[in-house]
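This report refers to the structure that appears directly beneath it.
Number of protein chains: 2
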Amino acid sequence: MSIILNETHDADLRSWVASANAAGSDFPIQNLPYGVFRRSGREGDEVFRAGVAIGDSILDLRAAFESGAFAGFGETVHKAIVAATAGSNLNPLMELDAAAWSALRLALSTLLRDGSVHQSQLQAALVPQAEAEHALPAQIGDYTDFYTSIHHATAIGKLFRPDNPLLPNYKWVPIGYHGRSSSIAVSGQQFRRPLGQLKSPTSDTPVFGACKRLDYEMEVGVFMGQGNAIGDAIAIGAAESHVFGLCLLNDWSARDVQAWEYQPLGPFLAKNFASTISPWIVTIEALAPYRAAWTRDAADPQPLAYLDAPEVREHGAFDVQLEVLLQTKAMREAGTAPQRLSLSNFRDAYWTVSQLVAHHTVGGCNLRAGDLLGSGTLSGPTPESAGSLLELTAGGKQSINLNNGETRVFIEDGDTVIMRGWAGCDGLPRIGFGEVAGTVLPAREV
Amino acid sequence: MSIILNETHDADLRSWVASANAAGSDFPIQNLPYGVFRRSGREGDEVFRAGVAIGDSILDLRAAFESGAFAGFGETVHKAIVAATAGSNLNPLMELDAAAWSALRLALSTLLRDGSVHQSQLQAALVPQAEAEHALPAQIGDYTDFYTSIHHATAIGKLFRPDNPLLPNYKWVPIGYHGRSSSIAVSGQQFRRPLGQLKSPTSDTPVFGACKRLDYEMEVGVFMGQGNAIGDAIAIGAAESHVFGLCLLNDWSARDVQAWEYQPLGPFLAKNFASTISPWIVTIEALAPYRAAWTRDAADPQPLAYLDAPEVREHGAFDVQLEVLLQTKAMREAGTAPQRLSLSNFRDAYWTVSQLVAHHTVGGCNLRAGDLLGSGTLSGPTPESAGSLLELTAGGKQSINLNNGETRVFIEDGDTVIMRGWAGCDGLPRIGFGEVAGTVLPAREV
């Protein structure tokens, strides 16, 4: 897991796709994230297929491959582009190794660079992002959610267990649990407010009804590449070579359902009604210039050996800014822009991606290409960096005043939650994640 | 969910497959469970495909279909047999509805009956079970494990929380959590003893090592048929029409890993290293004669409306006996038969299959055909009906004396745990589940 910077990271690279060179674009030529798309309204005659975001466009990988532009790149690139264009998701590409992903990235960087001889050939393979719709980038076999923000764990712990906020295992075990893969959808997901059993603290018995404390969770999603055989483990030093890339993840949560159901086996209906991810997967290689040291307080225990490695300490973290915005129905109708609720950073997580992969497999559990790991809510140390409403409203006790005069304690019907993420500042290229948006519809009538 | 008995349940039916008529056979003509198989050692030239157990044989459905034996049965049967033979798992058949499953069952019953004109045609489609190997019967999208035995929940609760064994939500909420689908394998699974963080009660810090408290859990698995759209719910009265059938499930558990990791988000590495299921799925229709009333103590709360229906109370439970046996390495080497550890009954579960399906979907979570639900450990009210070693040994404090002079507290390397299940007695046909066996190998060296 040494950090290799190569010509694809060169900040001076420019693309013949002019919009990729615009200041503030999420998708300069240094990024090249993968997604699955088709042109909107073409259900009948277009299949979902792999693409790479470049500026305001998508490079249709199948069309690009068929144009012959990849012909001169040798066997590794050929294998990678064949895998990327084999089906309607990225799983075949994910199943390859980091060398294949890196070779394909270099080929894409070469083809999309200013001055590429393939410009005219590839022009026809560009689709405007504004004309595209997305599907999940992978078939997600299993989804695991972690709990890597100590700030979030402490804040939530105070609400659920005032006497015992941070449990004794937190600083030893990268706490995680299995989530629901069937209800994960791509940005734009609209879902009904969940129903469930709710029990007020003042009542002895629950009632059935619509969730009253609906929340979002700002998370980073980790898409696995090549997996491991059952019974084997992925060593911490090799962990990132099994990670295909990162996305944004909104792990919607029904706090009232959760409070009543979660003991002793963890959250269930509180989380499985919907989860929304961004369409683009930013590769680990694209984020190489934005790595950060992984540190913990001097008083904290040292990690057990299977969770420790020099390279994890040196640059195991990712310096990715994470923004949550809210657009209420009233804002949408008035044409008002979404309002920021928080800004946090993935760097502040207590456990790194490598540690999650090493921990997940250390007992013998097998990961598969396309599996998704969630970071857990990424809250920072300050109040304005809290990645959920439960934290921002102190457990629903303090309402948030919105700029248009509305207030919020939890999510209301018609609200759209938007999350954005990006690395890069001070003149370095912006490696953007795009955004993930999800909208809550009224509950099913009962 | 009315219980319909039809000619396929006739206790006097006999098959031209003579072994199906033998007393004690798990697979008489009244059963007809589905699985996926190929002949052993034929990796190169045989694919895994669907079959139906009959006596000591398997009816190869593809070969049977190709023989033309299904020609005279009409459109519904045609659709069902096409789905059953479409791929290498049962998902396409599971995606059909209960009417299609029932029509196929009647066709199979007719074809395999004594006197069938198709006997000579189908003889070539029979494969001896002794010559077959199995794969998972379905591609399992999501696996959910429940906790339906109040006897188990109380016994375990006493060990983990002596002051608070049965939590207040237990009698209201069918407690469940999401499990790991990637590590589920079919009977015969051999897996390494898991490694993980272990913390003794007398130490402040954990150590990393091999699990010392490895256990099994005797469960029934529920394979879903047709699913629901996200945001919709499956009503309790319709729930069983979405269930394809039942199998046996061993939910292996690392108790020491679990004790340290499980708060606050539930079991994770303690459960995801391996789970083993039986090769055969017994259909709900086959179990119709063995339904039982669902009852709870008079002092217990009445279920909320979405979990209640007259038919659930009348016959929501299944009278299925569940036996756990142990064969140690020493027994195997001495040719000693496995020794029974417990006998329990699925009927004693606190929640029924219909309630699990209704609860799982009530918040809007979508189930998909091939999804697996586990019942949770099925312990009965008596000590000898405890479905895990944790219960049988009082939390590891009382060792079990085996007939060959060995003792056990938890599972040791080389041990094989075998589970069997069956309905039927008093002259009624035995609807057997076959067995699920799994063997523990030494831990990976670290």
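The listed protein sequences derive, respectively, from chains L and H.
Read left to right, the first sequence gives residues 1 to 446 (my numbering).
Read left to right, the second sequence gives residues 1001 to 1446 (my numbering).
For every residue, glycine included, the Cβ atom is placed at its ideal position computed from N, Cα and C.
Keep in mind that this is a model prediction, so the values were computed, not measured.
Under 7 Å between C-beta atoms of L:L108 and L:V52: Against the first sequence, residue 108 of chain L aligns to sequence position 108. Against the first sequence, residue 52 of chain L aligns to sequence position 52. Going by C-beta atoms, L:L108 is nearer than 7 Å to L:V52.
L:D26 versus L:V357, L:I81, L:T85, L:Q129, residue with shortest Cα-Cα distance: Taking the first sequence and counting its residues from 1, the one referred to as residue 26 of chain L is at position 26. The closest CA to that of L:D26, considering only L:V357, L:I81, L:T85, L:Q129, is found on L:Q129.
Continuous alpha helix (DSSP H) assignments of at least 4 residues falling wholly in the region 135 to 201 of chain L: Those alpha helix (DSSP H) runs which fall completely within the region 135 to 201 of chain L and span 4+ residues are 150 to 160.
Backbone secondary structure at L:I76 - three-state DSSP: Sequence index remark: in the first sequence, residue 76 of chain L carries index 76 (1-based). Note that residue 76 of chain L corresponds to Thr in the displayed sequence, not to Ile. Three-state result, L:T76: helix.
Proximal residues, the region 138 to 150 of chain L versus chain H, C-beta separation under 7 Å: Residues of the region 138 to 150 of chain L that bring their beta carbon within less than 7 Å of a beta carbon in chain H comprise G141, D142, Y147, in sequence order.
Members of the region 1272 to 1293 of chain H that neighbour chain L once the beta carbon cut-off is set at 8 Å: Listed in sequence order: N1272, F1273, A1274.
Bridge partners - L:A423, DSSP secondary structure assignment: For the purposes of this step, residue 423 of chain L is taken as the residue at position 423 of the first sequence. According to the DSSP secondary-structure assignment, L:A423 is paired through a beta bridge with L:I431.
Option nearest H:A1305 by Cα separation, candidates H:S1354, H:L1249, H:G1405, H:N1021: Here residue 1305 of chain H is taken as the residue at index 305 of the second sequence, counted from 1. Taking only the C-alpha atoms, the option nearest H:A1305 is H:S1354.
is_contact[L:I234, chain H] using C-beta, thresh 7 Å: Position 234 of the first sequence, counted from the first residue, corresponds to residue 234 of chain L. No, its Cβ sits nowhere closer than 7 Å to a Cβ of chain H.
Integer Cβ distance of L:L246 from L:V282, believed to fall under 8 Å: Taking the first residue of the first sequence as 1, we reach residue 246 of chain L at position 246. Taking the first residue of the first sequence as 1, we reach residue 282 of chain L at position 282. With 8 Å as the limit, L:L246 and L:V282 qualify as a contact, their Cβ atoms being about 5 Å apart.
Pairwise C-alpha distance: L:T361 and H:S1275: One-based indexing of the second sequence puts residue 1275 of chain H at position 275. One-based indexing of the first sequence puts residue 361 of chain L at position 361. Between H:S1275 and L:T361, the C-alpha separation is close to 15 Å.
L:N345, enclosing beta strand (DSSP E) - first and last residue: Reading the first sequence from its first residue, position 345 is the one you call residue 345 of chain L. Per DSSP, L:N345 is one residue of the beta strand (DSSP E) stretching across 339 to 345.
Distance between beta carbons of H:L1378 and H:L1341, contact taken as under 8 Å: To locate residue 1341 of chain H, count along the second sequence from 1; it is residue 341. To locate residue 1378 of chain H, count along the second sequence from 1; it is residue 378. In fact, because the Cβ distance is near 13 Å, the residues do not count as touching under 8 Å.
Short CB-CB distance (under 7 Å) between H:Q1197 and chain L: Walking along the second sequence from the start, residue 1197 of chain H turns up at place 197. By this cut-off, H:Q1197 is an interface position.
Nearest residue (CA-CA) to L:H178, options L:G424, L:E435, L:G414, L:L356: Counting from 1 along the first sequence, the entry for residue 178 of chain L is found at position 178. Ranking the options by Cα distance to L:H178, first place goes to L:L356.
Collapsed DSSP secondary structure at H:Q1318 in the structure displayed: The residue given as residue 1318 of chain H occupies position 318 in the second sequence. It is Phe, not Gln, that sits at residue 1318 of chain H in the sequence shown. H:F1318 sits in a strand when the DSSP states are folded into three classes.
3-residue-minimum beta strand (DSSP E) runs that sit fully inside the region 1381 to 1417 of chain H, ordered along the chain: As for any beta strand (DSSP E) of minimum length 3 sitting wholly inside the region 1381 to 1417 of chain H, there is none.
Best match in H:L1390, H:D1415, H:F1318, H:R1296 for proximity to H:G1421 [C-alpha to C-alpha]: Looking up residue 1421 of chain H in the second sequence gives position 421. When each option's Cα is compared against that of H:G1421, the closest is H:F1318.
Any C-beta of chain H under 7 Å from that of L:L214: Start at 1 with the first residue of the first sequence, and residue 214 of chain L comes out as number 214. The beta carbon of L:L214 does not come within 7 Å of any beta carbon belonging to chain H, so the residue lies off that interface.
H:M1218 - partner residues in DSSP beta bridges: Looking up residue 1218 of chain H in the second sequence gives position 218. DSSP lists H:N1250 as partners of H:M1218.
Touch test, the region 1024 to 1043 of chain H against the region 1117 to 1134 of chain H, Cβ-Cβ under 8 Å, three pairs minimum: In short, these stretches touch, since the Cβ pair count reaches three.
Short CB-CB distance (under 7 Å) between H:Y1177 and chain L: Here the question's residue 1177 of chain H lines up with position 177 in the second sequence. Residue-level contact by beta carbon holds for H:Y1177 and chain L, with a gap shorter than 7 Å.
Cβ of L:C365 within 7 Å of any chain H Cβ: In the first sequence, residue 365 of chain L corresponds to position 365, counting from 1. Residue-level contact by beta carbon holds for L:C365 and chain H, with a gap shorter than 7 Å.
Distance CB(L:L248)-CB(L:V436) smaller than 7 Å: Taking the first sequence and counting its residues from 1, the one referred to as residue 248 of chain L is at position 248. Taking the first sequence and counting its residues from 1, the one referred to as residue 436 of chain L is at position 436. The answer is yes: Cβ separation under 7 Å.
Contact set between the region 1297 to 1324 of chain H and chain L, restricted to residues whose Cβ is under 8 Å from the partner: Answer in chain order: P1301, L1304, A1305, Y1306.
Span separating the alpha-carbon of H:F1065 from that of H:I1029: Counted from its first residue, the second sequence places residue 1065 of chain H at position 65. Counted from its first residue, the second sequence places residue 1029 of chain H at position 29. If you draw a straight line from the Cα of H:F1065 to the Cα of H:I1029, it comes to about 18 Å.
Option in L:L392, L:Y290, L:I230, L:G427 with minimal Cα separation from L:I411: Position 411 of the first sequence, counted from the first residue, corresponds to residue 411 of chain L. The residue among L:L392, L:Y290, L:I230, L:G427 with its C-alpha nearest the C-alpha of L:I411 is L:L392.
Residue-chain proximity (L:F191, chain H), Cβ-Cβ < 7 Å: For the purposes of this step, residue 191 of chain L is taken as residue 191 along the first sequence, with counting starting at 1. With 7 Å as the cut-off, L:F191 counts as an interface residue toward chain H.
Distance between L:A69 and L:H118 (C-alpha atoms, nearest Å): As a working mapping, residue 118 of chain L is identified with position 118 in the first sequence. As a working mapping, residue 69 of chain L is identified with position 69 in the first sequence. So the alpha carbons of these two residues sit roughly 6 Å apart.
Whole-Å CB distance - L:V468 paired with L:V320, under 8 Å assumed: The requested residue 468 of chain L does not occur in the structure, where chain L is confined to residues 1 to 446.
Member of L:F223, L:Q258, L:A254, L:W351 whose CA lies at the smallest distance from the CA of L:H242: As a position in the first sequence, residue 242 of chain L is number 242, starting the count at 1. It is L:F223.
Cβ-based burial, H:P1303 [other Cβ within 10 Å; buried from 16]: The count along the second sequence starts at 1 and reaches residue 1303 of chain H at position 303. Classification for H:P1303: buried.
Residue-chain proximity (H:S986, chain L), Cβ-Cβ < 7 Å: The structure shown has nothing for residue 986 of chain H, since chain H only spans 1001 to 1446.
Whole-Å CB distance - H:P1174 paired with H:F1146, under 8 Å assumed: In the second sequence, the residue the question calls residue 1174 of chain H occupies position 174. In the second sequence, the residue the question calls residue 1146 of chain H occupies position 146. That belief holds up - the Cβ atoms of H:P1174 and H:F1146 are roughly 6 Å apart, short of 8 Å.
Boundaries of the beta strand (DSSP E) in which L:D60 is found, first to last residue: Position 60 of the first sequence, counted from the first residue, corresponds to residue 60 of chain L. Going by DSSP, L:D60 is part of the beta strand (DSSP E) stretching over 57 to 60.
Cβ neighbour criterion (16 or more within 10 Å) applied to L:G438: Taking the first sequence and counting its residues from 1, one reaches residue 438 of chain L at position 438. When all chains shown are included, L:G438 counts as buried.
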